[in-house]
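One structure below.
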Amino acid sequence: MRETDLQIDADGQLLHFLTTEGLHKDLMLSILDTAESFITIGKREIKKVPLLRGKTVVNLFFETSTRTRTTFEIAAKRLSADVINLNPQYSSTSKGETLLDTVRNLEAMHTDLFVVRHGNSGAAFMIAKHAPPHVRIINAGDGRHAHPTQAMLDMFTIRAHKGGFEKLRVAIVGDIMHSRVARSQIHALTTLGTAEVRVIAPRTLLPAGIERLGVHAFTDMRGGLEDVDVVILLRLQRERMSGALIPSEQEYFNLYGLTEDKLAYADKDVIVMHPGPMNRGLDIDSAVADGAHSVILPQVTYGIAIRMAVMALLMGGQAPQSRPTRRTRRPATTGRRRG
Amino acid sequence: MSVPKADPKSRIDIDAQLERMAQELRAYLELDPIMIGIHTGGVWVAEQLHDRLGLKEALGTLDISFYRDDFTRVGMNPEVKASHLPADVGERHIILVDDVLHTGRTIRAALNEIFDYGRPASVALAVLVERNGRELPIQADVVGQHLELGADQHIKLAGPDTLRLDIMEVDN
Amino acid sequence: MGLLIQGGHVIDPINGIDGRKNIYIDNKGFVVGIGRAPKGFKKTRTLDVRGQIVCPGLVDIRARLREPGLEYKATIESETQAAVAGGITSLCCPPDTNPPIDTPAMAQMIQQRAWRFGMAFIYPVGALTRGLKGDLLSDMAALDESGCVAFSNALQPITDTRVMRRAMEYAASFDLTVLLHSEDPWLHGDGCMHEGEVSTRLGLPGIPEAAEIVGVARDLALVEHTGVRAHFCQLSSARAVAMIAEAQKRKLPVTADVTAHHLHLTDQDVGSFNTQCHVLPPLRSLSDRNALRRALKSGVISAVCSDHQPHEPDAKLAPFSRAEPGISGLETLLPLTLKLVEDGMITLADAVALVTSRPAAILGVDAGHLGVGATADVCVFDPDAEWILSADDMISRGRNSPFLGWHLRGRVTHTLVGGKIVFSRSPSD
């Protein structure tokens with residue numbers, strides 16, 4: 001079964017959120033629109049809505065990431081769900097409990113939604129494939145494969161600043177090879193109709209056949225940044241040096257670190273985004289990170305709304321549909337169903 | 001999905017009703033109320049009343065999608081809009097406006113949402129149509145018209161340019 | 001006392017037989033006549049196989065039985081039974097058992113276990129280096145004495161080129177065959193599938209073709225230097241095929257095989273993390289697959305094997321990179337090879353040769369033919385039988401196959417080992 005078929009039901013509704021690849025454009029837009037309506041909730045006196053009251057959300061983080069986990073936790077709590085955070089110790093070599101055993105034990109505790117972070121590509125898909133029908137899975141990052149909520153947050157940020165996608169040139173800079181965020185961004189951007197998506201990195205950090213994902217690959221910042229409207233920087237892990245992928249921090253920063261000089265190749269209204277945490281002086285120069293084009297901080301505030309939107313879209317309508325009552329039907333001409 | 005049939009003969013002219021509601025609501029003006037309409041029909045009615053009463057404070061709008069009691073059954077409304085309340089509702093008097101009061105569940109959800117913004121001094125409910133079929137102990141303070149409808153009849157407000165009430169038979 | 005296999009279409013590439021003939025088998029389990037009954041043949045039993053193909057029992061150049069060491073996956077008993085259900089009467093067991101086959105005792109133990117069950121015959125492959133560790137040579141001559149037909153380091157790389165050179169030289173001294181899984185371990189790295197668009201899409205670490213090319217290049221240079229008889233196992237890339245072809249042209253003593261699954265699947269079949277397609281070497285591109293098919297036709301590759309690796313279900317219920325590689329392939333070796341006939345790639349006689357006489361020739365074993373005097377290891381199959389591979393019907397303990405649900409054509413009806421019917425399937429099964 002294809003991953004994208006597993007996350008969508010026969011009516012085109014989201015069952016799981018595993019990847020941005022293959023998602024319909026309308027569905028992506030409805031995630032963004034729904035998130036928009038959740039933004040206001042964070043500004044209220046009581047920052048909670050009762051949508052997921054009585055539901056249990058388990059943050060199952062095999063890889064620790066306090067930042068991402070916290071965002072999901074706040075999102076679930078603002079939707080009134082009960083939240084459990086788990087960081088299971090699990091290793092491939094131990095012949096004990098398998099990944100699925102771990103998940104099944106938690107399912108038995110009436111979990112409704114798993115938010116899964118795992119170091120191996122395909123982990124969330126595998127869990128979703130074997131989950132009972134009432135359980136929902138959100139992929140909060142699997143190996144190098146996908147990090148769809150982060151990508152949708154980035155799309156939200158781009159739309160908030162640029163209005164839409166059709167006229168945009170977007171460049172993603174850095175370690176594309178090891179980045180699940182980059183892959184999810186590429187699928188989201190191309191689906192949303194972005195005019196041009198570019199990736200910029202030395203060949204050692206560009207995975208084979210990346211162009212087949214619908215992007216233009218550049219190895220130099222001058223050509224890659226020319227006239228772009230959005231620059232997305234990826235975090236470079238310092239251990240890449242030992243893998244013989246880049247020679248030194250200094251050389252990387254000289255060639256690919258975003259400085260004001262390099263940013264001058266881009267459009268004058270360019271925005272600069274970074275999924276964080278930033279490596280100042282490696283991925284980005286402080287002057288750019290704190291400069292007028294940077295939208296790095298506001299992104300964090302949108303993260304909760306995006307995760308609330310995805311959770312709300314997944315959890316709605318999940319109970320077995322009872323016989324349609326009169327009230328669930330409504331005239332086709334009204335936008336709303338009313339009680 | 002059943003297809004409702006509009007019956008032209010059952011159309012109701014609502015201008016007179018709006019005028020009557022505005023008359024009644026004038027009694028509340030001394031409380032300096034905030035008017036809040038419930039998306040979508042309630043906002044249309046509220047806009048009319050807001051005009052007729054000449055309220056200075058901007059009209060508030062409420063989308064109760066996040067407070068619906070049937071969310072887990074029917075899911076997220078794809079056209080959910082953000083709620084916008086004009087000012088802090090704490091200790092203020094509120095006129096909540098909807099188009100049709102039927103089961104009372106929408107009003108229950110709306111009250112819950114308003115209370116998440118703060119603790120109002122009072123809430124009055126104004127509806128264009130009050131029909132039979134209540135499922136909760138909720139009643140309107142100001143009513144445009146009372147209607148007795150069959151279980152298979154459905155009334156809806158069309159708008160927003162010209163407001164019009166249509167009664168439809170819902171096929172089962 | 002004798003068995004008559006009557007009315008079948010006999011295909012025996014070694015003896016040039018391709019036609020309807022009777023086969024006469026005596027009570028000692030030898031073929032005593034083909035076509036005409038030998039003088040004094042007393043028939044006690046007749047196997048009527050009209051409309052079916054009768055060929056030598058299949059010789060599988062590589063099948064893991066999981067015993068000793070991984071009996072929770074499968075055993076010699078369970079897998080030799082699965083083998084005969086797939087028409088395989090002889091199979092080679094790689095040395096990566098636990099402990100490895102690096103002592104005569106281990107080699108003998110495995111053969112004796114197989115004899116006890118009387119199903120498929122096992123030819124053990126001895127370890128090229130002690131403990132497969134890649135540093136010290138194993139006692140090759142003694143292992144040869146105790147029945148090892150060839151020597152290999154299985155999937156464990158011999159990274160020290162000097163050790164590889166010595167191992168080849170030593171094997172050449174005693175006219176032994178080495179089986180090579182040539183791959184550069186550093187280029188393999190943490191890879192778990194073919195490096196290309198699909199691995200990029202899925203975010204899975206890739207294994208570039210260069211890993212195989214560099215490995216084959218190094219080993220070919222050493223083969224040329226040492227003169228050892230070398231067999232390259234499970235080629236996966238077009239470029240490696242071309243290198244072997246070039247070496248054969250220069251009369252180097254090299255042969256090569258391919259697995260049945262590499263002839264039918266590509267990296268696209270990994271789809272969305274289908275762990276059943278996690279195999280080593282990885283499934284590569286369509287053009288690689290097509291090159292492998294052409295190499296069968298040209299003769300550069302002279303054997304198709306199952307590379308059978310039975311697993312317990314949990315082994316595949318893991319994220320792709322953590323799922324254990326390998327396919328349970330004994331029962332699909334024949335139909336997948338026959339599928340190449342259906343696809344117009346090779347003739348039926350070629351298909352039979354690729355799983356019988358040619359692998360037997362690579363190993364230098366007396367199997368894979370039906371001449372008078374040969375041991376009566378026979379496979380009878382219905383070439384027109386259509387069936388669907390289902391986990392429930394598999395005999396192997398491992399039900400891990402990417403071909404589950406595939407419509408296959410050609411199914412074994414009878415298998416004879418040493419003249420004894422060890423497997424039969426009624427047409428209604």
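Protein chains in written order, with the working numbering: chain A, 1 to 339; chain B, 1 to 172; chain C, 1 to 429.
Where is the CB? At the ideal position from N, CA and C, for every residue including glycine.
Those residues which DSSP pairs with residue i across a bridge
| i | result |
| --- | --- |
| B/Q153 | B/E169 |
| A/T71 | Answer is none; A/T71 lacks a bridge partner. |
| C/Q6 | C/D48 |
| A/L113 | A/V57 and A/R136 |
| A/P50 | According to DSSP, A/P50 bridges with nothing at all. |
| C/T375 | C/F30 |
| C/D12 | C/I17 |
| C/S90 | C/V59 and C/F121 |
| C/I327 | C/H308 |
| C/N400 | Beta-bridge pairing links C/N400 to no other residue. |
| A/Y256 | Partner(s): none; A/Y256 has no beta bridge. |
Neighbour-count burial assignment, residue i, 16 or more Cβ in a 10 Å radius
| i | result |
| --- | --- |
| A/M109 | exposed |
| C/R431 | There is simply no residue 431 of chain C to check, as chain C begins at 1 and stops at 429 in what is shown. |
| A/D9 | exposed |
| A/T66 | exposed |
| C/F174 | exposed |
| A/I46 | exposed |
| C/M394 | buried |
| C/L286 | exposed |
| C/R411 | buried |
| A/E211 | exposed |
| C/K249 | exposed |
| B/S122 | exposed |
| A/N105 | exposed |
Separation of residue j from residue i, as counted between CA atoms
| i | j | result |
| --- | --- | --- |
| C/T441 | C/A361 | The requested residue 441 of chain C is not part of the displayed model; chain C covers only 1 to 429. |
| A/A201 | A/F218 | 7 Å |
| B/R20 | B/G144 | 7 Å |
| C/V32 | C/P319 | 54 Å |
| C/M109 | C/G86 | 24 Å |
| C/A150 | C/P124 | 8 Å |
| B/D88 | B/S65 | 21 Å |
| A/A124 | A/M28 | 19 Å |
| B/D141 | B/L125 | 5 Å |
| B/I38 | B/A158 | 15 Å |
| C/D436 | C/G227 | With chain C covering only 1 through 429, there is no way to say anything about residue 436 of chain C. |
| C/T413 | C/A376 | 16 Å |
| C/E195 | C/G203 | 10 Å |
| C/L252 | C/E224 | 7 Å |
| C/V216 | A/L206 | 27 Å |
| C/S236 | C/P100 | 25 Å |
| B/L85 | B/Y28 | 19 Å |
| C/H261 | C/A351 | 15 Å |
| B/L18 | B/L49 | 7 Å |
| C/L136 | C/L70 | 25 Å |
| A/S179 | C/L317 | 24 Å |
Span of the beta strand (DSSP E), counted from its first residue to its last, around residue i
| i | result |
| --- | --- |
| C/Q108 | From DSSP, C/Q108 is part of no beta strand (DSSP E) but of the alpha helix (DSSP H) over P104 to F117. |
| B/H146 | V142 to L147 |
| A/R121 | Per the sequence shown, the amino acid found at residue 121 of chain A is Ser instead of Arg. Careful: A/S121 lies outside any beta strand (DSSP E) and carries neither H nor E. |
| B/E130 | S122 to R131 |
| B/T61 | G60 to L62 |
| C/S424 | K420 to S424 |
| A/E196 | E196 to I200 |
Minimum Cβ-Cβ distance from residue i to chain E less than 8 Å
| i | result |
| --- | --- |
| C/F273 | In the structure shown, chain E does not exist; the protein chains are A, B and C. |
Integer-rounded CB distance, given that residue j should sit under 8 Å from residue i
| i | j | result |
| --- | --- | --- |
| A/R183 | A/A146 | 6 Å |
Limits of the alpha helix (DSSP H) - the one that residue i falls within
| i | result |
| --- | --- |
| A/M177 | Taken as a continuous stretch (DSSP letters only), A/M177 belongs to no alpha helix (DSSP H), as it is neither H nor E. |
| B/G75 | Where B/G75 is concerned, there is no enclosing alpha helix (DSSP H), given that its DSSP letter is neither H nor E. |
| A/T404 | Shown here, chain A extends from 1 to 339; a query on residue 404 of chain A therefore has no answer. |
| C/M243 | A238 to K249 |
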